[in-house]
Structures are given as structure tokens and as C-alpha cells.
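Residue numbers (this note's numbering), protein chains in the order written: chain F, 1 to 167; chain C, 168 to 471. All residues carry an ideal CB built from backbone N, CA and C; glycine is no exception. Small disclaimer: the values here were computed from a predicted structure and weren't measured. As C-alpha cells, the structure follows; a few thoughts come after it.
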Amino acid sequence: MRRGLQALPELDPPPGVWERSLAAADAPRPGPRRVWAAIGAAAAVTSVAIGYLATQPEHPVMPSSTVIVAEAANRPRVPFVALLEESAALEQLLAGMPRRPVMAGSTAATIAGLEDRIAFVDGQLAYAASFDVPQRQREALWTERVDLMNALVHVRYASAQQFVVER
Amino acid sequence: MYTRKILHAVLLSCCGAFSAAAFAQVGQTPTPQQELERSTRELDLARRELEKAAQELGRLSAEAAGPHTAELTNRFVRNFGGFLGRSFLGLVIEDTELGAHVTAVTPNGPAESAGVLVEDTIVAIDGVDLTGQPPSATQKLRNRMRAVEPGKTVNLRVLRGGDYRDIAVAMPTDGGEWFSFEMPQWETPRFEFHGDSSSWSSVFSRSQPWSDFEFVALTPALGEYFGTGKGLLVVRVPEDEALGFRDGDVILDIGGREPQSPEHALRILSSFAPGESLRVSIMRKQARQTLEVKIPDEDAADSA
């Protein structure tokens, strides 16, 4: 595993990341829950990657797309404040992620589609904030925003990984 | 009813598989060409699975929120008229004593591009103080934004970590290279919820002909080699490419619109329906050309 980690190439910071980091350092410190959410998300992704290294040389197990539509259950209701914190934590993760200059059409379409949908949800959230919209509706929108941001972070992460490999 | 928990798990496992394929490449000692090609295929497959899961999650998430937000969505579209022809910051804000507090910044939106961060508090816009007398800070901001035309710049004064800073936010031209212009049929909003959210993003469903292309936004230095200072370089076209593009083409405009990034190009391309024709200006071997491109019918795309 150590050899695998040592073999990782250096990754130059993307344009503007230091400026964003400085700006973030100036910003009010996030609450402990947000920090833990961000650390948790990063740790989850990292642990999967390191877990794989430990089990080399087995091939990665590809999840079947049928799994996506195979289960039935409800997501437990998440407290409103926690949704806002999770959304903010995902935004911070996304801002610090390197961007890959070369992009496949399918990746570009996925990112564009997710961003468009987030923009539309944000439009509704802004609209909801100015009118007396029931809390349940706002919660549903924030839940959707967190799901979409989570998906966007994953796709950006994968794209950045490919960038690392190619360099 | 599907579980998004499972979807999140699938996303994570896809990402793990992707990392695995990536580490498999960087960690191995020099191997035969076949081994490298196998790893590359696995990497590509993992990326595709991840993207498929991400799209599915987006669709199901919209479906899950739909029953709670359908009425709000329809009201938003009806009263707000969507984003077409309007200027938007791409922010979710709420009132506080100090001003309009930013609770979310839309990825790739105008405010994010300008450097606005979540947790900032906007205290003034174009010199108009948002604090003090009614109306509220968010209402004052909205009132100001209604008068801002696409293509103009608004100046925000934000409070961040106890310091004030001024941020200039450029509004996209013509309603947006960002979001709005991608809705050519906004009169019948495709986001209107009728229990079927399968068509919530045409950029997913119409991207098939372009899926295997690879693009990179041209930098000025790179552009010197191609005879143009801007555009989108086509790094690779699929082997069965039938639309007329070649490796090394630089896309200058698509139907008159200049793509700024691969994502932007896909937004533009996906705004054309299957069977439609469009003109694409390109640079090929440093000479300007125009390609007449016909978007494949869906049946043809499916069978491809």
C-alpha cells in the first residue's frame, strides 16, 4: 500500500485554488458539524480508495446499474439545519477540487445536467424564501439540493482522479 | 419508491471503483500494453457507471421531491417566468440583521464565478444599502436585480469574517451561458412536475451523440498552434464518428453560440432536438470551415 501511495504523482493546484483557500480562511469558521460532514465525506471516499489498495491486485468490483433501481425504502427525514450544513460542506468540497481540462462528452453532459438542476432548485429556494412556503416544501428542496450536490462532487472527484492518472 | 441511500452507496462504490482503477494504473510497475489498455477500459467503465448513477440519483431525487414541491415548482415557473432573459446571481439568501445572508451558491453560477461564498452576508448592491429601513435586505436585493440587464455587472459589498469586500458579478449575456438559454421550449416548462420526471434534463437525454468525444477549452498559448485564440478543441472523436468532426478540430461556435467549456458545449448541443440541423464553425488545420451537422434521430443514437 505504501508503494502505491508513494507512486501517486504530484498534483498541481488548479487555477485560483489558493485565492479560494485564502478567502475561505478569512471566512467565518464553520460549525463543528459542518467540518465533520466535510471530513466524513472526504474520509469515506479516501477509505474506499485505500481499501482497494490494501486488496490489490484484485480487480475493482463494478456495481451493477440494476442495483440503482432494485431497492425500495424511504430516506429518513433529516433535520433542516443539518441539510443546510451538509449543502455548505459539499460546496466547500467542490470548490477545493482540481478541474480536469480534458473532458469526455458524457462527463460534461452529466456535470451540466446536475448544475442545471441545482440552479433550478436554487431558483425555487430563492423564490420560497420570499414567499410564505411551508417548511416541508423547503426541506424537500434542500434535500434534493444535497443529493444533487453530492452527485456532482462524486463526478468531479472521478474526473479529477482521471486527471491525476493522466499526468 | 426507491431509496436514495442505496443510490448514495452506489455513487460511493462507483467512486471507489474509479479510484481503484486509477490507483491500479499509477501503482503498477511497467506492464505490457495489453495490461495498460485493460486498466484504461476499466477506468472508462467505472467513470461511465458513476455518471450513470449520478444521473439516476438526480432523476430520482427530483422524483422524490416532486410530491412536496410540485405546486411550488409550477408557481415558480408561472410567476417567475423561469430564468429566460433575466439576470440572476445564482444565490439562495435569507434575511439577517446584518443583510442578506448567503445560504447556498449555485455551482458555476455568476456569483460563484465571481467569488461569492456560502456564509457571506451581502450588505449592499450597486451602492444601495440593504440594511436599515424596510423593505427587507432580500427584498431590496431582488428589487435591484429586476433592473439589471443581462450582460451587465453588479457590484456587491459582502461581509466575510468581519471584513468588508467588494465583488463584481458579471451577468451572463442573453440570459446565460450558464443556465437559462438552454430552455428553448420554456413556454411549456420541461420542469413542470406531473409525476414523471424522466425529462427533467434534456442535457442528459440528448448528449448521446457526443458522449465519446473528448474536449478541452483552448488557452491562448495552445490556440497559437491551431490558428485561433479561443474555442473548444476536439481532442478525440469516436471511431464511428459520423457527424463530420475530426481530431484536432477547434469548435468556434455552435449555431452562433460560442462554447466556453465542455459543459457549456454540451448544454448548447443538447438544446437541439434529434433530427435538427445546425451549423458549427470550426478551425481545421488553421483554416476556418463550417460544418452542417444533423443531430441523429433518437433511434439511430440508441442503436449506435
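Residue pairing by DSSP places Asp-333 of chain C opposite C:Arg-324 in a beta bridge. For Lys-461 of chain C, the enclosing beta strand (DSSP E) starts and ends at 454 to 461.
With fewer than three CB-CB distances shorter than 8 Å, the stretch 413 to 424 of chain C does not count as touching the stretch 130 to 142 of chain F. Excluding five sequence positions before and after Ile-334 of chain C, the CB atoms of its chain that fall closer than 7 Å to its own CB belong to Ala-281, Gly-282, Val-283, Leu-323, Val-325, given in chain order.
Contacts with chain C at 8 Å (Cβ-Cβ) do not include Glu-86 of chain F. Within the stretch 94 to 122 of chain F, contact with chain C at the beta-carbon level (separation under 7 Å) is assigned to Leu-94, Pro-101, Val-102, Met-103, Ala-104, Gly-105, Ser-106, Thr-107, Ala-108, Ala-109, Thr-110, Ile-111, Ala-112, Gly-113, Leu-114, Glu-115, Asp-116, Arg-117, Ile-118, Ala-119, Phe-120, Asp-122. The stretch 90 to 106 of chain F makes no contact with the stretch 256 to 268 of chain C: fewer than 3 CB pairs, one atom from each, lie closer than 8 Å. Exclusion of the five residues before and after His-268 of chain C leaves Ile-260, Glu-261, Thr-288 as the residues of its chain whose Cβ lies within less than 7 Å of its Cβ. Here Thr-207 of chain C is exposed. Its C-beta has fewer than 16 other C-beta atoms within 10 Å. Restricted to the stretch 255 to 327 of chain C, the beta strand (DSSP E) segments that are unbroken, complete and at least 3 residues in length are 258 to 263, 266 to 272, 288 to 292, 320 to 327, listed in chain order.
What Val-155 of chain F touches in chain C, judged by beta-carbon distance under 8 Å, is Leu-217, Glu-218, Ala-221, going in chain order. Per DSSP, Phe-80 of chain F is one residue of the alpha helix (DSSP H) stretching across 80 to 95. The beta carbon of Val-133 of chain F sits closer than 8 Å to some beta carbon of chain C. Just so you know, the alpha carbons of Pro-376 of chain C and Glu-279 of chain C end up roughly 30 Å apart. Bounds of the beta strand (DSSP E) holding Ser-448 of chain C are 444 to 451. Cβ proximity to chain F below 8 Å picks out Phe-255, Gly-257, Leu-258, Val-259, Ile-260, Glu-261 from the stretch 254 to 268 of chain C. Taking the Cβ atoms as the reference, Pro-426 of chain C lies roughly 6 Å from Ile-418 of chain C, within the contact range of under 8 Å.
Between the stretch 121 to 134 of chain F and the stretch 449 to 466 of chain C there are fewer than three inter-stretch CB-CB distances shorter than 8 Å, so the stretches are not counted as touching. Identification of chain C residues near Leu-83 of chain F by a Cβ-Cβ cut-off of 7 Å yields none; the smallest Cβ-Cβ distance measures about 10 Å. Interface annotation, Arg-214 of chain C: in contact with chain F, CB-CB separation under 8 Å.
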